[in-house]
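Data first, discussion second: the structure below is written as structure tokens.
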Amino acid sequence: MFGIPGKQTLPLNEAIGTRDDIRFVVARHETAVSHQAWGYAETSGTPAATAVVPGPGDMNAMNGLKNALNDCTPLVHIAVETEPEVRGGGGIHETPPETYDTVVKENLLVERPESTAAIVEEAIAIAETPPKGPVRIGIPKNFLTMDVPLATPGEYNREYVENAAESDIEAAATLLAEATMPVILAGGGVRAANASDSLRRLADRLEAPVVTTYKGKGVLPDDPDGYVAGTLSGSASPELLDCLATADAALAVGTDFDAVATRTWSVELPDDLVHVTLDADDLGNGYDPTVGIIADAGVALSELEAALADRPIRASDGTERAMAVREATSDRLDELRGSSPPLTSVSALESVRDAIPQDTVVSVDAGGFRVWALNVFAAAGPRSYVNPGSWATMGTGLPAGIGAQLANPDDDVVVLTGDGGLMMCIHELHTAVAENVPITVVVFTNEDYAIISDQAGRDYDLSDREYNWSDAPISFTSLAESMGMRSECVEDPDEIRSTVGSAAVADEPVLVQIPTDPSEPQASDWMRTE
């Protein structure tokens with residue numbers, strides 16, 4: 001459980017303190033609490049719990065709850081509510097419980113103390129039922145100390161659509177088998193369903209390149225000889241977009257076609273489209289499917305694999321098509337590779353990737369460097385690359401990395417963040433030290449909100465570095481050391497590989513600061529150039 005205690009939560013904290021099977025991790029700000037639980041669940045598939053005080057605590061946590069909702073990430077958020085007899089009277093920290101309805105999968109309120117355990121069990125089941133998501137439980141403060149008989153929770157079924165319609169599977173299999181240049185668009189639903197093996201087998205059967213969404217990155221490793229062509233994003237290369245546009249059939253699985261990844265649905269997809277989703281409302285969202293399948297990604301992939309087993313397949317050269325896109329993307333980056341400080345984000349990110357073990361769990365914040373990372377940082381597997389999806393909130397990388405390390409105590413965890421994002425959660429360096437969480441925090445510093453400054457100078461009557469703070473530079477190494485964290489600043493690829501490599505396997509939290517070129521182009525501009 002991640003949280004920050006308050007007077008209202010102390011009865012709950014006391015109960016947790018008597019348990020050997022619950023670890024309560026104390027954050028330094030409530031915004032980080034829900035991001036920590038998000039990182040835990042994203043890298044483990046298992047929900048964590050959060051606990052905060054009402055009002056300010058709850059509303060600070062809303063950011064991470066909305067992030068988890070957009071990403072279909074399960075967590076259980078316990079909010080200690082104002083007492084029923086005080087509700088509506090302006091009690092301390094009071095907010096109406098319905099305030100949170102739109103940022104969670106379901107918002108439950110305990111109305112009678114006897115039902116508390118049953119509602120908690122119900123909340124866990126709702127969070128874990130696909131499509132998964134965050135569930136909030138409001139428990140009035142005065143209920144926590146009551147000695148009342150609790151109703152014994154029943155067993156809740158995680159019920160959802162378990163089988164796809166046979167006619168839809170047959171229609172989809174026919175369409176895909178007859179395609180000569182099929183492509184697969186894989187989203188975060190593949191990760192949520194633990195369906196990477198099924199996806200790999202289907203890509204191999206169809207000879208289809210795989211393009212991932214933001215949340216799908218890593219569902220198959222970014223191998224040099226594999227089926228992954230790249231990630232669909234605002235910085236996707238023309239060659240990647242052409243791979244989608246020139247395909248004669250597409251299987252989109254585990255994605256809702258959000259406006260962020262599809263550039264407000266301007267990305268061209270083939271007319272023959274199979275769309276697999278658990279949410280019927282996703283069908284027709286920007287793209288009209290030829291075949292719409294309401295099913296869990298894992299179920300649909302397995303059933304498609306079976307339906308295609310005895311059919312002749314017309315396509316070929318799937319890995320070659322994927323490789324051609326990767327090589328074209330890499331060629332676009334050559335001019336940005338170099339070893340002279342200040343490095344570009346491309347050089348810095350590739351040096352970090354070279355430095356760390358292949359199976360390292362990587363937590364990536366939002367920001368300009370992340371947009372580059374979608375193109376140049378190779379993800380190693382479905383639970384090893386965490387980044388926010390369409391919510392795209394900054395300040396997630398460090399707290400999510402803490403959650404990821406606690407979920408994977410035997411694995412190396414590296415956080416990739418920018419200086420803008422880190423300043424939004426800098427307090428969590430102290431959490432990592434206080435809780436002895438041995439993460440490695442790599443912060444790329446350009447002393448600017450560079451994406452914003454770039455557009456401000458290009459499209460508006462503002463200067464090119466309107467939102468930089470080069471006149472007030474920040475020493476992140478000094479900040480980290482003041483909180484008890486070992487830190488170093490490195491500037492060239494060899495130093496990065498040596499320093500980050502040793503930090504990643506160290507049994508203590510470490511911060512590594514890497515200055516990057518403040519005048520480098522933005523990925524969305526550079527990669528779109530024809």
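Letter 484 of the sequence shown, counting from 1, is numbered 484 in the UniProt record's numbering, and no numbers are missing.
Backbone N, C-alpha and C define an ideal beta-carbon position, used for all residues, glycine too.
Because the structure is a prediction, the values reported are computed rather than measured.
#1: How far does the alpha helix (DSSP H) with residue 489 in it extend, from its first residue to its last?
#2: Would you mind listing the beta strand (DSSP E) stretches within the stretch 57-117 that are 3+ residues and don't spill past its ends, in chain order?
#3: Could you pull out every unbroken alpha helix (DSSP H) segment of at least 4 residues lying fully inside the stretch 306-342, listed in chain order?
#4: Leaving out the 5 sequence neighbours to the left and right, which residues in its chain are closer than 6 Å to residue 258 when beta-carbon positions are compared?
#5: What would DSSP say about residue 139, mapped onto helix, strand or coil?
#6: Which of helix, strand or coil does DSSP assign to residue 417?
#7: Quick check on residue 248: does DSSP put it in helix, strand or coil?
#8: What separation, rounded to the nearest whole angstrom, lies between the Cα atoms of residue 375 and residue 176?
#9: How many angstroms separate the CA atom of residue 290 from the CA atom of residue 249?
#10: Got a sec? Which residues, its chain only, sit under 8 Å from residue 384 by beta carbon, not counting five neighbours each side?
#11: Apart from the five residues on each side of it in sequence, which residues of its chain come closer than 8 Å, Cβ to Cβ, to residue 263?
#12: With C-beta atoms as the reference, is residue 373 less than 8 Å away from residue 394?
#13: In terms of residues, what are the limits of the beta strand (DSSP E) holding residue 275?
#14: Between residue 279 and residue 193, which are expected to be in contact by the criterion C-beta below 8 Å, what is the C-beta distance as a whole number of angstroms?
#15: Could you tell me the distance, in whole angstroms, from the CA atom of residue 152 to the CA atom of residue 83?
#16: Between the Cα of residue 110 and the Cα atoms of 144, 86 and 99, which residue gives the shortest distance?
#17: Could you tell me the boundaries of the beta strand (DSSP E) in which residue 522 lies?
#18: Could you tell me whether the Cβ atoms of residue 114 and residue 148 are closer together than 8 Å?
#19: Using only alpha-carbon positions, find the residue among 510, 38 and 239 that is nearest to residue 483.
#20: Specify the secondary structure class of residue 388 as computed by DSSP and reduced to three states.
#21: Distance, Cα to Cα, residue 525 vs residue 288?
#22: With DSSP collapsed to three states, give me the class of residue 283.
#23: Got a sec? Which residues, its chain only, sit under 6 Å from residue 64 by beta carbon, not counting five neighbours each side?
#24: Using the DSSP secondary-structure output, state which residues sit across from residue 375 in a beta bridge.
#25: Would a C-beta distance cut-off of 8 Å place residue 183 and residue 211 closer than the cut-off?
#26: Would you check if there are 3 or more beta carbon pairs closer than 8 Å linking the stretch 194-214 to the stretch 126-143?
#27: List the DSSP bridge partners of residue 230.
#28: Let me confirm a value: residue 519 is counted as buried when at least 16 other C-beta atoms fall within 10 Å, else exposed. Which label applies?
#29: Is it buried or exposed, residue 227, if we count other Cβ atoms within 10 angstroms and call 16 or more buried?
#30: Enumerate in chain order the residues of its own chain whose CB-to-CB distance from residue 446 is below 6 Å, with the five nearest sequence positions on each side excluded.
#31: Determine the closest residue to residue 479 out of 430, 527, 468 and 453, with distance taken between C-alpha atoms.
#32: Please name the residue, chosen from 294, 434, 104 and 146, that lies closest to residue 587 on a Cα-to-Cα basis.
#33: Taking residue 185 as part of the alpha helix (DSSP H), name the residues at either end of that continuous run.
#34: Would residue 31 and residue 60 be called neighbours here (beta carbons separated by less than 8 Å)?
#35: As a quick exercise: from 169, 55 and 167, pick the residue whose alpha carbon is nearest that of residue 94.
#36: Expressed to the nearest angstrom, what Euclidean distance is found between the alpha-carbon atoms of residue 335 and residue 71?
Walking through what the data contain:
#1: Working through the sequence shown from its first residue, we reach residue 489 at position 489. Unbroken run through residue 489 is the beta strand (DSSP E), 486-489; no alpha helix (DSSP H).
#2: The stretch 57-117 contains these whole beta strand (DSSP E) runs: 75-81 and 106-109.
#3: 318-333
#4: Residue mapping note: residue 258 aligns to position 258 of the sequence shown, counting from 1. Contacts found: 390.
#5: Here residue 139 is taken as the residue at index 139 of the sequence shown, counted from 1. Residue state, collapsed to three classes: strand.
#6: Within the sequence shown, residue 417 is the residue found at index 417, counting from 1. Residue state, collapsed to three classes: strand.
#7: In the sequence shown, the residue the question calls residue 248 occupies position 248. Residue state, collapsed to three classes: coil.
#8: As a position in the sequence shown, residue 375 is number 375, starting the count at 1. As a position in the sequence shown, residue 176 is number 176, starting the count at 1. Near 28 Å, if we compare the C-alpha coordinates of residue 176 and residue 375.
#9: Against the sequence shown, residue 290 aligns to sequence position 290. Against the sequence shown, residue 249 aligns to sequence position 249. Residue 290 and residue 249: Cα-Cα distance of roughly 10 Å.
#10: Position 384 of the sequence shown, counted from the first residue, corresponds to residue 384. 43, 218, 359, 360, 361 and 362.
#11: In the sequence shown, counting from the first residue as 1, residue 263 sits at position 263. Around residue 263: 234.
#12: In the sequence shown, counting from the first residue as 1, residue 373 sits at position 373. In the sequence shown, counting from the first residue as 1, residue 394 sits at position 394. Their beta carbons are not under 8 Å apart, which means residue 373 does not touch residue 394 by this criterion.
#13: Numbered from its first residue, the sequence shown carries residue 275 at position 275. Residues 273-277.
#14: Taking the first residue of the sequence shown as 1, we reach residue 279 at position 279. Taking the first residue of the sequence shown as 1, we reach residue 193 at position 193. Rounded, the Cβ-Cβ distance is 14 Å, inconsistent with contact.
#15: Locating residue 152 in the sequence shown gives position 152, counting from the first residue. Locating residue 83 in the sequence shown gives position 83, counting from the first residue. Going by the C-alpha atoms only, they are around 23 Å apart.
#16: For this step, residue 110 is matched to residue 110 along the sequence shown. Checked all of 144, 86 and 99; the closest Cα to residue 110 is 144.
#17: Counting from one through the sequence shown, the residue named residue 522 turns up at place 522. Run containing residue 522: none; DSSP gives neither H nor E here.
#18: Counting from one through the sequence shown, the residue named residue 114 turns up at place 114. Counting from one through the sequence shown, the residue named residue 148 turns up at place 148. Yes, Cβ-Cβ distance for residue 114 and residue 148 is below 8 Å.
#19: Sequence index remark: in the sequence shown, residue 483 carries index 483 (1-based). The candidate whose alpha carbon is nearest that of residue 483 is 510.
#20: Here residue 388 refers to the residue found at position 388 when the sequence shown is read from its first residue. Residue 388: coil per DSSP, three-state reduction.
#21: Residue numbering aside, residue 525 sits at position 525 when the sequence shown is read from its first letter. Residue numbering aside, residue 288 sits at position 288 when the sequence shown is read from its first letter. Distance between the alpha carbons of residue 525 and residue 288: 29 Å.
#22: Counted from its first residue, the sequence shown places residue 283 at position 283. Correct three-state label for residue 283: coil.
#23: The residue you call residue 64 lines up with position 64 of the sequence shown. Same-chain partners within the cutoff: 34, 35 and 38.
#24: On the sequence shown, position 375 is the one that residue 375 refers to. The partner list for residue 375 (beta bridge, DSSP) is empty, contrary to what the question assumes.
#25: Counting from one through the sequence shown, the residue named residue 183 turns up at place 183. Counting from one through the sequence shown, the residue named residue 211 turns up at place 211. A distance below 8 Å separates the beta carbons of residue 183 and residue 211.
#26: no
#27: Within the sequence shown, residue 230 is the residue found at index 230, counting from 1. The partner list for residue 230 (beta bridge, DSSP) reads 211.
#28: Taking the first residue of the sequence shown as 1, we reach residue 519 at position 519. Exposed, because fewer than 16 other Cβ atoms sit within 10 Å of the Cβ of residue 519.
#29: Locating residue 227 in the sequence shown gives position 227, where the first residue counts as 1. By the beta-carbon neighbour count (other beta carbons within 10 angstroms, threshold 16), residue 227 is buried.
#30: Looking up residue 446 in the sequence shown gives position 446. 516 and 518, listed in sequence order.
#31: Position 479 of the sequence shown, counted from the start, is the residue given in the question as residue 479. Looking at the Cα atoms, 430 is the closest of the given residues.
#32: Residue numbering for the chain in the displayed model covers 1 to 530; residue 587 lies beyond these limits and cannot be assessed.
#33: If you number the sequence shown from 1, residue 185 lands on position 185. Counting along the chain, residue 185 falls outside any alpha helix (DSSP H), though it belongs to the beta strand (DSSP E) covering 182-186.
#34: Translated into the one-based positions of the sequence shown, residue 31 becomes position 31. Translated into the one-based positions of the sequence shown, residue 60 becomes position 60. Contact: yes.
#35: Looking up residue 94 in the sequence shown gives position 94. Distances from the alpha-carbon of residue 94 to those of 169, 55 and 167 put 55 closest.
#36: Within the sequence shown, residue 335 is the residue found at index 335, counting from 1. Within the sequence shown, residue 71 is the residue found at index 71, counting from 1. Approximately 34 Å, taken between the alpha carbons.
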